[in-house]
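Just below is one structure, and these are the notes that go with it.
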Amino acid sequence: LSVCAVLGGRHFPPGFMFGAASAAYQVEGAWNISDKSLSIWDYFAHTYPEKIVGNATGDVACDSYNKWKTDIEIASELGLHFYRFSISWTRLMPTGFPNYISEDGKRYYNDLINLLLEKRIQPVVTIYHFDLPQSLQDLGGWTNPLVADWFANYARVVFSLFGDRVKIWITLNEPITFCDIAYNVGTQAPGYISPGVGNYICNKNTMLAHAKAYRVYDKEFRSKQKGKVSITNEIFWLEADTERDEEAAEKARQLMAGMYCHPIFSKQGGWPPVIERIIAEKSKQEGLPYSRLPTFTEEEIELVKGTYDFMGFNYYTARTVREAKPGEEIGPWPFTGASDIDIILGERRDWKQADVWWFYIYPEGIRKQLAWLKEEYGDIEILITENGCASSSPYQYDEVRVEYYKDHLEQILLSINEDRVRVMGYSVWALMDNFEWNDGYSVKFGMYDVDFRDPNRTRTPRASAEYYASVVKSHSLDVNNKIIDEL
Ligand code: GBH
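This is the structure:
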């Protein structure tokens, strides 16, 4: 009998880890305290207030710089096995370079890590979650090829300071967000628009940055620290609108998942061939003597290929895909379409919308995406680093969020038991409400409500917190009907 059969189908495998996540700029505040320098989000929020709902900034956010003990208390209340947070590059290394380490930054992350461990919560650390030093942005940021070395040098400092205690690392969170959304649309920092050019340069540089950091870990730290390193990608499940659109949908998957996974996780390495070919053709038609998609040298392909110990995956939502009609206007990727591959994105009418414009709820999508990743890249261990739902229901009664967790966890169990995908753990986004980028504080993802009008930033649990705590405690989906019935 399999363990699963003994424990009942709704139990998670032994060792499956439950956690919750946050990110430095979204929770810490203390943007100019001590010797911290400006990140691109500090600069972006102060320079383009009109790009953020309510002209909000992360200046104070959840004040986790001061309230980190409370954060650990609530993580502990939930019974979490791990807490995923990110390190602020400018708090730890204000010059951006390893010539100077902030004592204050070092102390902050040491305190956080040490108390988590004391409470038996494993720290899972994201090295970069959107907040590049502005000083490096002034030199071109993610479009300067030197950024790969800047990042690897920063990662080396992080490994050397915290790697004795941190065993799970995410190099970069969602490069698609700070490359494709940032450069195609300009709504993410740094706010420059360079569609079809800047996004691809950024994409290539993130692959090299991740790989160099991974190689640093491999050569200098792995034998002693024995941790695991990977990258986290955000992937929408992209589903053919009708049967005839399967080819278009597969192209779109290769653009969304493939551009950030194929170089790292595939056997061949490099760009997904179908996308590389299409962009080369388009560029030629546009009169360019070379492709807008920068090529990888053979050496770079080898450098990047295989730089993972598991795969980090963020899942929120899904889209339908269809081939664009000749002459049809195609909106920017990944909002409404992708002109480079001539596809249009949409939604099904029966997908309920969450409380933010981009979010349609499709739980089956997470199972389909996990199956696709296994089919495409092989039987790799996957850590679901983010999953969660925006809901603005009055503070405790977030039944949509409870249902979202339950429905997605059910699909994950099917992935594990039926499709044999090796899912090693699951993390809710987010532990508490926080600065939701362009949506400021108007969009809420937290299991804990944060009162942003209260100088204390009081955290109050919602029904979803109670629900998730019972899932973690029972290690199953069996015992929570009471909470759902009460809602
Ligand atoms: C994640 O972003 C982030 O890691 C986290 O910081 C964030 O708070 C959380 O999820 C909730 O949003 O161009 O159609 O994608 C998810 C990626 C990027 C999704 C911006 C929404 C805008 C619309 N997000 N995107 S779209």
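Numbered per mature numbering (1 follows the signal peptide of the UniProt record, and there is no 0), the sequence shown spans residues -8 to -1, 1 to 479. All C-beta atoms, glycine included, are put in the ideal place defined by N, C-alpha and C.
| Check | Outcome |
| --- | --- |
| Supposed contact pair I358 and Q403 - C-beta distance, whole angstroms, cut 8 angstroms | 5 angstroms |
| Separation of G438 from S61, as counted between CA atoms | First, the amino acid is wrong: residue 61 is Lys here, not Ser. Going from the Cα of K61 to the Cα of G438 covers about 17 angstroms. |
| Span of the beta strand (DSSP E) around P41 | Taken as a continuous stretch (DSSP letters only), P41 belongs to no beta strand (DSSP E), as it is neither H nor E. |
| N- and C-terminal bounds of the alpha helix (DSSP H) containing residue 482 | The structure shown does not extend to residue 482, since the chain spans only -8 to 479, so no value can be given for it. |
| K159 versus Q217 - alpha carbon distance | 7 angstroms |
| A310: first and last residue of the uninterrupted beta strand (DSSP E) it sits in | 310 to 315 |
| P281 versus K274 - alpha carbon distance | 11 angstroms |
| Extent of the continuous beta strand (DSSP E) run through K243 | From DSSP, K243 is part of no beta strand (DSSP E) but of the alpha helix (DSSP H) over 238 to 245. |
| For Q345: DSSP bridge partner residues | Y352 |
| The segment 333 to 351 / the segment 151 to 165 touching (three or more Cβ pairs under 8 angstroms) | no |
| Buried versus exposed call for S215 [16 or more other C-beta atoms within 10 Å across all chains shown] | exposed |
| Inter-residue spacing [alpha-carbon to alpha-carbon] between W23 and T289 | 39 angstroms |
| Pair within 8 angstroms by beta-carbon distance, D441 and R449 | no |
| Minimum C-alpha distance to Q260 - residue among E231, L285, E294 | E294 |
| Residues sharing a beta bridge with M9, DSSP | G417 |
| C-beta atoms of V296 and M199 nearer than 8 angstroms | yes |
| Top-ranked residue by Cα proximity to D347, from E428, E378, Y460 | E428 |
| DSSP-derived helix/strand/coil call for I335 | strand |
| Under 8 angstroms between C-beta atoms of A330 and W229 | no |
| Anticipated Cβ contact below 8 angstroms, Y407 with H3, distance rounded | The sequence as given places Ser at residue 407; Tyr does not occur at that position. About 14 angstroms; that fails the 8 angstroms criterion. |
| Any non-hydrogen atom of the ligand GBH closer than 7 angstroms to residue 490 Cβ | Beyond the ends of the chain as shown, which are -8 and 479, falls residue 490; an answer cannot be given. |
| Buried or exposed (CB count within 10 angstroms, at least 16 for buried), L(-8) | Since pLDDT at L(-8) reaches only 40, below the 50 mark, its modelled position is unreliable, and the value read off the structure follows with that caveat. Exposed: under 16 other Cβ atoms inside 10 Å. |
| Cβ pair count under 8 angstroms reaching 3, the segment 194 to 208 against the segment 140 to 148 | yes |
| Nearest-angstrom Cα separation, counted from T299 out to G50 | 33 angstroms |
| Check: A37 C-beta below 7 angstroms from any heavy atom of the ligand GBH | no |
| Burial state of G370, where buried means 16 or more other Cβ atoms lie within 10 Å | exposed |
| The segment 160 to 174 contacting the segment 311 to 329, beta-carbon criterion three pairs below 8 angstroms | yes |
| I173 CB to nearest heavy atom of the ligand GBH below 7 angstroms | yes |
| Three-way DSSP call (helix, strand, coil) for M303 in this model | strand |
| Endpoints, the beta strand (DSSP E) within which T78 is located | Strictly speaking, residue 78 in this sequence is Ser, with Thr absent from that position. Looking at the DSSP string, the run of the beta strand (DSSP E) that includes S78 is 74 to 78. |
| Contact under 8 angstroms by Cβ, G250 with Y40 | no |
| Classification of W349 by the beta-carbon crowding that lies within 10 angstroms, buried from 16 upward | exposed |
| Same chain only: Cβ atoms within 6 angstroms of E238, ignoring 5 sequence neighbours per side | A232 |
| Among V177, K317, Y75, nearest to T377 - alpha-carbon criterion | Y75 |
| N102, DSSP secondary structure in three states | helix |
| Span of the beta strand (DSSP E) around S456 | That residue, S456, is in no beta strand (DSSP E); its alpha helix (DSSP H) goes 455 to 466. |
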